[in-house]
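For reference, the structure discussed in these notes is given below.
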Amino acid sequence: MAIYAGTIFLSAFLLFLVQPIIAKQILPWFGGAATVWATCLVFFQTVLLFGYAYADWITRRLGARRQVVLHVALLAASLLVLPIVPGAGWKPAGEENPSWRILGLLAATIGLPYFLLSTTSPLLQAWFARRFHHAAPYRLFALSNLASLLALLAYPVAVEPWISVAAQSHAWSGIYALFAVLCAATAVLSARAEAGAETPAASGAVPPPALRDKLLWLGLAAMGSFLLLAVTNHITQNIASIPFLWIVPLSLYLVSFILCFDHPRWYARGLFMALTAAALTAMAAYIDSLDLKVAIPLYAAGLFVCCMFCHGELARLKPHPRYLTTYYLMIS
4 MAIYAGTIFL
14 SAFLLFLVQP
24 IIAKQILPWF
34 GGAATVWATC
44 LVFFQTVLLF
54 GYAYADWITR
64 RLGARRQVVL
74 HVALLAASLL
84 VLPIVPGAGW
94 KPAGEENPSW
104 RILGLLAATI
114 GLPYFLLSTT
124 SPLLQAWFAR
134 RFHHAAPYRL
144 FALSNLASLL
154 ALLAYPVAVE
164 PWISVAAQSH
174 AWSGIYALFA
184 VLCAATAVLS
194 ARAEAGAETP
204 AASGAVPPPA
214 LRDKLLWLGL
224 AAMGSFLLLA
234 VTNHITQNIA
244 SIPFLWIVPL
254 SLYLVSFILC
264 FDHPRWYARG
274 LFMALTAAAL
284 TAMAAYIDSL
294 DLKVAIPLYA
304 AGLFVCCMFC
314 HGELARLKPH
324 PRYLTTYYLM
334 IS
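Pasting the structure below:
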């Protein structure tokens, strides 16, 4: 059981850590920080979605042995692109729009490793659920968000000020190689536990999620993401231009995921429904306030309460583990 938790934790930590590492490497090449960060964001979100779709497809369409063969082959192939240091040939040569060059650079340098990292949490949770039928796979999602939070907080404090970007890239690449070995070992152990089954394991008469459920998952996840973006933009652009202020709302967003998927005791539905209504009212009433001592705590607390409601409802509506990869695809 520990190997599943360790591999998922390591993958989520690397997934969050690589984004600023690779962006800072290419920032001097392409100038405008806004263009680089926006293009990187589009790339990472798109690849993340493809990773979740792959995890859903492989667990529904392939038997245990074929899942392992395919995934281990991809893990081995991803080692060939290490270390994640962009080649000089990707430097811009003229005045052309840099977006396509940035996307190509990212795909060639980090595309496959990032894709495989993004598949890890849903894929290993599915394997975990098949091997340990009475365990709680969704708690591993809380663990992955904890790893993401630690990476988010560690980079500006313990990594960026003390380690050069080149050293960061090589260190990340070495840890990724360790992850690939752990993930491959976990895949093999999972396949053996299914006794060589050639088709995905059945789960009795568990009905598939209805369209209504899928739309609720999508809507609740979208509301949480929208609130995160809205609050982050408001406090960083309209209230105060403080370095790393954007970390506060993102941290609270991740904490709400950690709590809601760790255990039902952290989410009291009636309480958070009332608190969400009060928070939205207060944030609307103080939207023009520029008082840092009022606005920042208010919007931070309001975001946390609203995300607890959205993510608490998501956790309450989670399906049978047989359908967890579809669930994660919808909320990604």
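Take any residue in the sequence shown, note its place counting from 1, add 3, and you have its number in my numbering.
Cβ coordinates follow ideal geometry from the N, Cα and C atoms, glycine included.
| Asked | Found |
| --- | --- |
| Three-state secondary structure (DSSP) of His-314 | helix |
| Close-in-space but distant-in-sequence residues of the same chain around Trp-93 (CB under 6 angstroms, 5 per side omitted) | Leu-108 |
| Opening and closing residue of the alpha helix (DSSP H) in which Tyr-270 lies | It is not in any alpha helix (DSSP H) - Tyr-270 carries neither H nor E in the DSSP assignment. |
| Identity of the residue in Ala-129, Leu-78 and Ala-138 nearest Gly-114 by Cα | Leu-78 |
| Within 8 angstroms, strictly: CB atoms of Phe-247 and Pro-159 | yes |
| Between the CA atoms of Leu-320 and Asp-216 - distance to the nearest angstrom | 8 angstroms |
| 8 angstroms CB neighbourhood of Pro-140 in its chain, flanking five on each side removed | Gln-128, Ala-129, Phe-131, Ala-132, Pro-324 and Leu-327 |
| Three-pair Cβ contact test at 8 angstroms for the stretch 292 to 311 versus the stretch 19 to 38 | no |
| For Met-333 and Met-226, the rounded distance between their alpha carbons | 13 angstroms |
| Glu-316, buried or exposed, once every other Cβ within 10 Å from all chains shown has been counted against 16 | buried |
| First and last residue of the uninterrupted alpha helix (DSSP H) at Leu-293 | No alpha helix (DSSP H) contains Leu-293, which DSSP labels as neither H nor E. |
| Residues near Arg-104 by beta carbon distance below 7 angstroms, same chain, minus five either side | Trp-93 and Pro-95 |
| Closest Cα partner of His-74 within the set Ser-176, Phe-118 and Lys-27 | Phe-118 |
| Sub-8 angstroms separation of Tyr-330 and Trp-220 beta-carbons | yes |
| Per-residue burial, Phe-46 [other beta carbons within 10 Å of its own, 16 or more giving buried] | buried |
| Whether Cys-309 touches Ala-271 by CB criterion (8 angstroms) | no |
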